[in-house]
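Participant:
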Amino acid sequence: MKKELTDKAPTGCVGLPSESGWMTGEHFLTWLKHFVKYSKPNSSDNKVLLILDGHSSHKHLSALEYAKENNIVLFCLPPHCTHRVQPLDVTFFGPLTTYYNSEVTKWFRSHPGRTITHYQVGELFKEAHVKSATVSNAAKGFAATGIFPFNEDVFPEWIFIPSETTNNEINSNNSLEPVEFMESIPSNSEPISSKTASAEPIAINFVNTK
């Protein structure tokens, strides 16, 4: 990776390229080593809790072993809930995106006719990062997710309503009940002389083939 790509980027950052643009297990291990320099979990009595989403790169064996050896406790969040319980998602990424877009707009106004390349991203990101990565935003993120101060009632009950559909018990015979549909004819309609127009109930059986 060219060093020029991180010129004027946030102080202390580390740049790691990948062909796909996604984090890899090897990159996560490198990031963990960089993380230790700043978090300094130097003993079993001074462990650091690192909250992560469930991306496959976070389950890399070498990274897990390194974390354990360096007193880092990894806590992987359940799937499909980071928008509720991950502080970064709740109070950081939104402002970061807004500030970055603002910096991009200002850059275009100052450089008419030019195009932003990889070499300008570091500087633009730094300005956005400084404005969004604040202690206040971090504290709000942990509070809004109920992590710290701990609050098990931080989410209202209606948020959990969709999950109730997966809690319905299936009958002991592991089959679905027949569903009956009644065909009706409007009172103001003309008589229909068709064998298919019957007022008899139509029963549809759903059979579990498993």
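Residue numbers (our numbering): 64 to 273.
Every residue, glycine too, gets a C-beta built ideally from N, C-alpha and C.
By the 10 Å Cβ neighbour count, where 16 or more other Cβ atoms means buried, how is Thr154 classified, buried or exposed?
Facilitator: buried
Participant: Just how far apart, CA to CA, sit Ser173 and Leu137?
Facilitator: 44 Å
Participant: I think Ile135 touches Leu159, with their Cβ atoms under 8 Å apart; what is that distance to the nearest whole Å?
Facilitator: Wrong, their Cβ atoms sit about 24 Å apart, outside the cutoff.
Participant: Measuring CB atoms only, is the stretch 64-78 touching the stretch 180-198, in the sense that at least three cross pairs come out at less than 8 Å?
Facilitator: The stretch 64-78, when compared against the stretch 180-198, does touch it at the 8 Å Cβ threshold.
Participant: Using three-state DSSP, classify Val217 as helix, strand or coil.
Facilitator: Three-state result, Val217: coil.
Participant: Could you work out which residue in Lys96, Phe223, Pro80 and Leu187 is closest to Val167 when comparing CA atoms only?
Facilitator: Leu187
Participant: State buried or exposed for Gly204, treating a residue as buried only when at least 16 other CB atoms are found within 10 Å of its CB.
Facilitator: buried
Participant: When you compare the CB positions of Ser125 and Tyr162, do they come within less than 8 Å of one another, or not?
Facilitator: no
Participant: Beta strand (DSSP E) containing Phe155: first to last residue?
Facilitator: Taken as a continuous stretch (DSSP letters only), Phe155 belongs to no beta strand (DSSP E), as it is neither H nor E.
Participant: For the candidate residues Lys110, Ser102 and Cys139, whose alpha-carbon lies nearest to that of Ser120?
Facilitator: Cys139
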